[in-house]
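In the working numbering, the protein residues as written are 253 to 422.
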């Protein structure tokens, strides 16, 4: 897990949403995929599709994943093309405003912030916990990397799981 690449991804998503792009791509890593799926589950992204250097066809973006067209061949991942694999993300907008207003890292590459359940509970309640400000705005989400994957802070409190605080999205 590289937080340097995640910092680039956070600023890229923030800039892409400000530029009103409907589709953007980021490098395909396991960590990025888990975080983007968590963002999609929270409602910040409309689609997350693994693909190559070219954008996927529009009909795959609009259809349900189980109803994809079987005639379109899926390019297998090989050692020659693994560096060109991308995650294609569909950005969302509400009333002409981007859903992702700001996305910033909490843990930095030089200082990773680990919290137990009580520290995460303080964040969810809007209080400061250590170096981290609490979630004070409606719709603000804080994501935590745990042993069971990347979870939103409220879900960590429900499951009583601590971990490394990754980023906040509002």
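Think of the CB as a built atom: it goes at the ideal place given N, C-alpha and C, for glycine as much as any other residue.
Quick caveat, the model's predicted, so the values are computed rather than measured.
Pull up the distance between the alpha-carbon of residue i and that of residue j, whole angstroms please.
i, j, result
"residue 272", "residue 339", "18 Å"
"residue 383", "residue 277", "31 Å"
"residue 381", "residue 401", "22 Å"
"residue 327", "residue 312", "15 Å"
"residue 310", "residue 374", "42 Å"
"residue 268", "residue 413", "32 Å"
"residue 350", "residue 390", "15 Å"
"residue 354", "residue 333", "32 Å"
"residue 398", "residue 289", "15 Å"
"residue 259", "residue 266", "11 Å"
"residue 392", "residue 419", "11 Å"
"residue 385", "residue 378", "7 Å"
"residue 387", "residue 284", "22 Å"
"residue 254", "residue 362", "11 Å"
"residue 344", "residue 303", "20 Å"
"residue 341", "residue 329", "19 Å"
"residue 376", "residue 261", "24 Å"
"residue 396", "residue 305", "29 Å"
"residue 282", "residue 368", "24 Å"
"residue 256", "residue 347", "33 Å"
"residue 411", "residue 371", "14 Å"
Where does residue i fall in DSSP's three states?
i, result
"residue 420", "strand"
"residue 404", "strand"
"residue 279", "strand"
"residue 341", "strand"
"residue 329", "coil"
"residue 307", "coil"
"residue 265", "helix"
"residue 294", "helix"
"residue 273", "coil"
"residue 319", "Note that residue 319 scores a pLDDT of 49, beneath 50, so its modelled location is shaky and nothing firm can be said."
Does the ligand NAP have even one heavy atom less than 7 Å from the beta-carbon of residue i?
i, result
"residue 294", "This structure lacks the ligand NAP, and indeed carries no ligand of any kind."
Residue j and residue i - do their beta-carbons sit closer together than 8 Å?
i, j, result
"residue 358", "residue 417", "yes"
"residue 404", "residue 294", "yes"
Let me check one thing: in DSSP terms, what residues is residue i bridge-paired to?
i, result
"residue 301", "340"
"residue 415", "367"
Does any C-beta atom of chain D lie closer than 8 Å to the C-beta of residue i?
i, result
"residue 294", "Here there is only one protein chain, and chain D is not present."
Legend entry - 4-residue-minimum alpha helix (DSSP H) runs that sit fully inside the region 347-400, ordered along the chain: 369-376
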